[in-house]
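Residue numbers (this note's numbering): -11 to 357.
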Ligand SMILES: Cc1ncc(COP(=O)(O)O)c(C=O)c1O
């Protein structure tokens, strides 16, 4: 067998389509966790109605979108910075805030450490316990905050992916507030990535964080609003921090259609409710089917994806490649620090698509016996 590739992120339907000599539309992507109901119908209408704007530069200040977000969150537009996906904001954060050593709670999204490396800083890790189903180790985190050191080195920032990817774990809003208080006492930056918090709004700290001077909350229009191709994310923080962030962003980084679509998506409360209802039901059904696969362990989640461990003796990387050959993309988590070699992350998609994945997994697991 040729050496298996390590793929850093999910969602590359184009690469898979090229390799398999297929059309990207034929690839079923369980590796990026996007709302299976797709974008709101308001988005299509808004994009069509804004076609004439394509021959203009986008609004560099994202004024309408910041206004819509401020209304949505009952805050001020000056407390919002919009980026080309939250990835762009993650990228500029170390430079904007002067973070030189960032504490990352593993296993988690790889871009925090990657952004630190690009900015010439370092990331240091604290590991959640698998035996605790990767629960966010909030007490240990607070202790690190008190000493200001991790792995023997001083830190000045911490990032919490909340809920976390790929584990699906979240702690209570009160626990995050405790962490924020500890960070504040030490003068550390706390970045809270809420890219998946739309699925557990009761755990979000965004409504409070706008008044915490050392906290930045990141949100994404990619996942719940199903706009990954348009690249829109935003940060909520105090006006001073927002100004620092915006100074690091390149001009016009958020496209016309990204801005228009994000406003339309935010204003469709009915699609949001329908999406949450669908997810609550289909997630349970999918979980039961996954858990019934021989030897598989499915971890609990607060989001629209599951971290699953394959049976002993199986390797996530091989399974990912085998599914890929069938046009099914799942996220191989074997290279995510803190995850074991049997870990894969699976998005919840439509009922029919989920059934197809279950069938494929079942065939492959039985073939291997
Ligand atoms: C936890 C987390 N945060 C942020 C992002 C970046 O999302 P985007 O740049 O599309 O807003 C991702 C993407 O996979 C993610 O998983």
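Glycine included, each C-beta is placed from N, C-alpha and C at the ideal position.
When the Cα atoms are used, residue 222 and residue 206 turn out to be separated by approximately 6 Å. One thing to note: residue 225 has its Cβ within 8 Å of the Cβ of residue 203. Residue side-chain check: residue 294 keeps its Cβ at 7 Å or more from all non-hydrogen atoms of ligand 1. With a beta-carbon spacing of about 5 Å, residue 291 and residue 156 fall inside the 8 Å limit used to define contacts.
Taking residue 234 as the centre and dropping the five residues before and after it, the same chain places the C-beta of 69 closer than 6 Å to its C-beta, in chain order. One Cα belongs to residue 85, the other to residue 159, and the distance between them is close to 25 Å. For residue 1, same chain residues with a beta-carbon under 6 Å away, outside a window of 5 residues either side, are 12, 15 and 17 in chain order. Around ligand 1, the residues whose beta-carbon falls short of 6 Å from at least one of its heavy atoms are 73, 74, 75, 97, 149, 153, 181, 183, 208, 210, 216 and 221, given in chain order.
With fewer than 16 other Cβ atoms from the protein chains shown falling within 10 Å of its own Cβ, residue 262 counts as exposed.
Under the 10 Å beta carbon count, residue -2 is surrounded by 16 or more other beta carbons and is classified as buried. Remark: C-beta atoms of residue 24 and residue 336 approach each other more closely than 8 Å.
Annotation for residue 130: the continuous alpha helix (DSSP H) segment containing it runs 126 to 135.
Considered as a whole, the stretch 183 to 268 harbours 194 to 197, 227 to 236 and 244 to 254 as its complete alpha helix (DSSP H) runs of no fewer than 4 residues, in chain order. In terms of Cβ geometry, residue 76 and residue 237 form a close pair [threshold 8 Å]. Following the DSSP letters along the chain, one finds residue 74 inside the alpha helix (DSSP H) bounded by residues 74 to 85.
Burial check for residue 7: the Cβ neighbour count within 10 Å stays below 16, so the residue is exposed. Rounded to whole angstroms, the separation of the alpha carbons of residue 322 and residue 304 is 6 Å. Secondary structure at residue 157: coil, using DSSP grouped into helix, strand and coil.
CA-CA distance, residue 229 to residue 179, rounds to 12 Å.
Per DSSP, residue 6 lies in no beta strand (DSSP E); the unbroken alpha helix (DSSP H) holding it starts and ends at 1 to 8. In this structure, 242 is the residue among 312, 26, 242 and 314 with its C-alpha nearest to the C-alpha of residue 45. For residue 293, the enclosing beta strand (DSSP E) starts and ends at 293 to 297. The residue among 28, 20 and 21 with its C-alpha nearest the C-alpha of residue 255 is 28.
By the Cβ test, the stretch 167 to 177 is in contact with the stretch 193 to 202, since at least three Cβ pairs between them sit closer than 8 Å. Annotation for residue 113: the continuous beta strand (DSSP E) segment containing it runs 110 to 115. The beta carbons of residue 268 and residue 311 sit no closer together than 8 Å. With distances taken between CA atoms, residue 114 lies nearest to 127 out of 127, 212 and 279.
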